[in-house]
Amino acid sequence: MRSPTSCIRFLTTAAITLLLAVVLAAADLESPTNNNGYSFDCSFPIFAKNNLDDCKQDLGDKASFYENYMQGCRDKFGDICDTNEAERFHMNNRQPISMRNFTETGFVKIRAPDNVVELIRNFWEINQNNRKEEVWYTGNIYTNHWAVPTDFVGIEDEELEGAGPELADAIWDAAKTTIEEWTGMKQRPSSVYGVRVYNEGAVLSPHCDRIPLISSAIVNVAQDVDEDWPIEVYGHDGKAVNVTMEPGDMVLYESGSIIHGRPFPLVGRYYANIFIHFEPYGFMDGRRFVNDEDPDLPPYVQAGSRLAEYQHENFLDNQGYNEAGTSAHTAAGDGDLEKLHDIARKDSTHLHFKDSNGWQPIHEAARAGETDAVQFLLEHNANVNSRTDFGEGLSPLSLVVKHHGLGHELVEILKSFGAELHWWSDEGEEEEDEYDDEEEDDEDDEDDEDDEEEEEL
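According to mature numbering (1 follows the signal peptide of the UniProt record, and there is no 0), the stretch in the sequence shown is residues -27 to -1, 1 to 430, in order.
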């Protein structure tokens, strides 16, 4: 039996309900309370591995639990586990204090909007038995996947019924209003992670999300548990609150600055979540949201902060945040595989970030005709049918055809990954007709070859 924590269900308070009635009128708003709170580094190391010794709360022998956790990773992957754990500590130390926040507490639990629940529930009911073991990079320490693998059901996996970019866009659109009302900021999609299924004994170490995963939502999709499995969040006041969720519950949180995790092992069969992430880009009254002190930084990162320094050293191109993308965009467009490998090693999520126009590195590589870069990005799980302008523009295949014609080697490579043509409204009709004609010619050639083989037989 797990040692007692401040594992609580949120209790509605009339004052907060009244205060936020306009903001979340359609949501069943609940407010956090914490009658036995503890602070950082008590349930699991957050800022340094030795801080557990200073924690006075009775949560059991968390030092031994943590050492066993890390040793399990070392036994499987070696010293890389300690390197990755050191980076988790660095990130937890530099990022939360470097961010600009938009809410008072940093998180809130509500009932998910009906349209969000319906989209996710329908997908889950059809595909819950199509889980695949989730792939984590070597020595990743965010979950104990070496002992308890997590499963994954991808909402953009077009091999699954009902899945694809259209579903991801629909989920983003359905959740967007709630996130915008809560933060008071205009938001654009940055990531919608599929349904992750944690299995019995799973642990998620406390962390904050990397940019541009800034304003986020977790939706409880389904569960089969013997005990509530709370998500532990540290609000802007620094206190830990354990938030329990039932299917259909949604936790909104400023994931770029709020440390969150599930440091107590799951007691039960499984627990399924979906993660929906946004990036603030403007004020609700139409004013631009910019970083006047450092135009190269995202506007939600404080100029001169530790995170600002880290971003300049590792990812930024110093071309102005709102006019340019990350260094991954530049490397992809230049075909710089060495730089792409370096970015993937540090943080592979940067390979798929969208710039202010909704372009990802794969779009830059496709437009430039950089075959090796496109292949590298596809091998690192880039979406072959992702579209520019946040889902309304051109696909990588369309960019290749538009800029390099049907004869470019990338056409066949992208087709082998299931690529489709997507254009702006009527743009590209001529190219698409030509593409379709070539497809028909290829089929005719294959039929002729089959006829010849039959004659030979």
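Built from N, CA and C at the ideal position, the CB exists for glycine as well. Because the structure is a prediction, the values reported are computed rather than measured.
Check your understanding: How many whole angstroms separate the CB atoms of residue 186 and residue 229, which I take to be in contact at a CB cut-off of 8 Å?
Key -> In the sequence shown, residue 186 corresponds to position 213, counting from 1. In the sequence shown, residue 229 corresponds to position 256, counting from 1. Sure, about 6 Å apart at Cβ, within 8 Å.
**Study point:** Which of helix, strand or coil DSSP assigns to residue 43
**Key:** Here residue 43 refers to the residue found at position 70 of the sequence shown. Helix at residue 43.
Practice item. Go to residue 164, then tell me how far its beta strand (DSSP E) extends in each direction, as first and last residue. Key: Counted from its first residue, the sequence shown places residue 164 at position 191. Residues 158 to 172.
Check your understanding: Counting only runs that start and end within the segment 307 to 386, where is the beta strand (DSSP E) found for 3 or more residues in a row?
Key -> none
Check your understanding: Do three or more CB pairs link the segment 84 to 99 to the segment 216 to 232 at distances below 8 Å?
Key -> yes
Point to revise | Per-residue DSSP class, three states only, for residue 232 | key: The sequence position of residue 232 within the sequence shown is 259, counting from 1. Residue 232 falls in the strand class under three-state DSSP.
Exercise for review: Could you pull out every residue in the same chain whose Cβ sits closer than 6 Å to the Cβ of residue 361, ignoring the five residues on either side in sequence?
Suggested key: Position 388 of the sequence shown, counting from 1, holds the residue named residue 361. For residue 361, where only same-chain residues beyond five positions count, the Cβ hits under 6 Å are 331, 332, 336, 367.
Point to revise | Own chain residues within Cβ distance below 8 Å of residue 104, not counting five before or after | key: Within the sequence shown, numbered from 1, the residue matching residue 104 stands at position 131. Only 124, 125, 126, 170 meet the Cβ criterion.
Point to revise | Nearest-angstrom beta carbon gap, residue 313 and residue 339 [assumed within contact, 8 Å] | key: Residue mapping note: residue 339 aligns to position 366 of the sequence shown, counting from 1. Residue mapping note: residue 313 aligns to position 340 of the sequence shown, counting from 1. About 14 Å separates the two Cβ atoms, so there is no contact after all.
Practice item. State buried or exposed for residue 261, treating a residue as buried only when at least 16 other CB atoms are found within 10 Å of its CB. Key: Position 288 of the sequence shown, counting from 1, holds the residue named residue 261. Exposed, by the Cβ-count rule.
Point to revise | Three-way DSSP call (helix, strand, coil) for residue 66 in this model | key: Locating residue 66 in the sequence shown gives position 93, counting from the first residue. Helix.
Exercise for review: Closer than 8 Å by C-beta to residue 241: which residues in its own chain qualify, once you throw out the five before and the five after it? Chain order, please.
Suggested key: As a first step, residue 241 must be located in the sequence shown, where it is residue number 268. Result list for residue 241: 173, 196, 197, 198, 199, 200, 202, in chain order.
Check your understanding: With 16 other CB atoms within 10 Å as the buried threshold, where does residue 235 fall?
Key -> By 1-based counting over the sequence shown, the position of residue 235 is 262. So residue 235 counts as buried.
Review point. If you compare alpha carbons, which of 374, 383, 254 is closest to residue 160?
Key: The sequence position of residue 160 within the sequence shown is 187, counting from 1. Nearest C-alpha to residue 160: 254.
Check your understanding: If you run the structure through DSSP and keep just helix, strand and coil, what is residue 389?
Key -> Translated into positions along the sequence shown, residue 389 becomes position 416. Residue 389 falls in the helix class under three-state DSSP.
Check your understanding: Which residues in the same chain have their Cβ closer than 6 Å to the Cβ of residue 304, if we skip the five residues on either side of it in sequence?
Key -> The residue you call residue 304 lines up with position 331 of the sequence shown. Within the same chain, residue 304 has close Cβ partners 312, 313.
Check your understanding: Should residue 152 and residue 256 be called a contact, given that it needs their Cβ atoms to be closer than 9 Å?
Key -> Reading the sequence shown from its first residue, position 179 is the one you call residue 152. Reading the sequence shown from its first residue, position 283 is the one you call residue 256. Not in contact: residue 152 and residue 256 (Cβ atoms no closer than 9 Å).
Practice item. Leaving aside the five residues before and after residue 309 along the sequence, list all residues of the same chain whose C-beta is less than 8 Å from its C-beta, in chain order. Key: Start at 1 with the first residue of the sequence shown, and residue 309 comes out as number 336. Once the five neighbours on either side are set aside, the close Cβ partners of residue 309 are 303, 346.
**Study point:** Contact set for residue 42: own chain, Cβ-Cβ below 7 Å, skip 5 residues either direction
**Key:** On the sequence shown, residue 42 is found 69 positions in, with the first residue counted as 1. Contacts found: 117, 176.
**Study point:** Minimum C-alpha distance to residue 212 - residue among 194, 231, 357
**Key:** Here the question's residue 212 lines up with position 239 in the sequence shown. Among 194, 231, 357, the Cα nearest to that of residue 212 belongs to 231.
Point to revise | Given 8 Å, three or more beta-carbon pairs between the segment 133 to 151 and the segment 373 to 390 | key: no
Review point. Which residues in the same chain as residue 141 place their Cβ atom closer than 6 Å to its Cβ, once the five residues preceding and following it in sequence are excluded?
Key: Reading the sequence shown from its first residue, position 168 is the one you call residue 141. Counting only Cβ-Cβ distances below 6 Å, and skipping sequence neighbours, we find 128, 129, 165.
Review point. Taking the C-alpha atoms as reference points, what is the distance between residue 66 and residue 322?
Key: Locating residue 66 in the sequence shown gives position 93, counting from the first residue. Locating residue 322 in the sequence shown gives position 349, counting from the first residue. Whole-angstrom Cα-Cα distance: 20 Å.
Check your understanding: If you follow the beta strand (DSSP E) that residue 125 is part of, which residue opens it and which one closes it?
Key -> In the sequence shown, the residue the question calls residue 125 occupies position 152. Per DSSP, residue 125 belongs to the beta strand (DSSP E) from 124 to 126.
Exercise for review: Can you have a look at residue 68 and say buried or exposed, based on whether 16 or more other CB atoms are within 10 angstroms of its CB?
Suggested key: Within the sequence shown, residue 68 is the residue found at index 95, counting from 1. By the 10 Å Cβ count, residue 68 comes out buried.
Check your understanding: For residue 318, does the count of other Cβ atoms within 10 angstroms reach 16, so buried, or fall short, so exposed?
Key -> On the sequence shown, position 345 is the one that residue 318 refers to. Residue 318 comes out exposed.
Review point. Quick one: is residue 193 buried, meaning 16 or more other Cβ sit within 10 Å of its Cβ, or exposed?
Key: Taking the first residue of the sequence shown as 1, we reach residue 193 at position 220. Buried: at least 16 other Cβ atoms inside 10 Å.
Check your understanding: Given residue 385, which residues of its chain have a CB within under 6 Å of its CB, disregarding the five upstream and five downstream residues?
Key -> By 1-based counting over the sequence shown, the position of residue 385 is 412. Closer than 6 Å at the Cβ level, and outside the excluded window around residue 385, lies no residue.
Practice item. Would you mind reading off the limits of the beta strand (DSSP E) that contains residue 262? Key: In the sequence shown, counting from the first residue as 1, residue 262 sits at position 289. From DSSP, residue 262 is part of no beta strand (DSSP E); its letter is neither H nor E.
Point to revise | residue 245 versus residue 376 - alpha carbon distance | key: Against the sequence shown, residue 245 aligns to sequence position 272. Against the sequence shown, residue 376 aligns to sequence position 403. So the two alpha carbons sit approximately 42 Å from each other.
Review point. With burial defined as no fewer than 16 other Cβ atoms inside 10 Å of the residue's Cβ, what is the status of residue 157: buried or exposed?
Key: Mapped onto the sequence shown, residue 157 falls at position 184. Classification of residue 157: exposed, given that the 10 Å Cβ count is below 16.
**Study point:** Neighbourhood of residue 147 by C-beta, 8 Å cutoff - its chain only, sequence neighbours within 5 removed
**Key:** For the purposes of this step, residue 147 is taken as the residue at position 174 of the sequence shown. Counting only Cβ-Cβ distances below 8 Å, and skipping sequence neighbours, we find 86, 88, 89, 92.
Review point. For residue 265, does the count of other Cβ atoms within 10 angstroms reach 16, so buried, or fall short, so exposed?
Key: Start at 1 with the first residue of the sequence shown, and residue 265 comes out as number 292. Burial call: exposed.
Review point. When DSSP builds the beta bridges, which residues end up paired with residue 241?
Key: Locating residue 241 in the sequence shown gives position 268, where the first residue counts as 1. Note: residue 241 sits in a beta bridge opposite 198.
Practice item. Go ahead and label residue 301 buried or exposed: buried means 16 or more other beta carbons lie within 10 angstroms of its beta carbon, across all protein chains shown. Key: Stepping through the sequence shown from its first residue, residue 301 is reached at position 328. Residue 301 should be labelled buried.
Check your understanding: Ordered along the chain, which non-local residues of its own chain (more than five positions away) have a Cβ less than 7 Å from that of residue -2?
Key -> In the sequence shown, residue -2 corresponds to position 26, counting from 1. Confidence in residue -2 is poor, its pLDDT being 33 and thus under 50, which makes the residue's placement unreliable; the coordinate value appears in the next sentence. 86, listed in sequence order.
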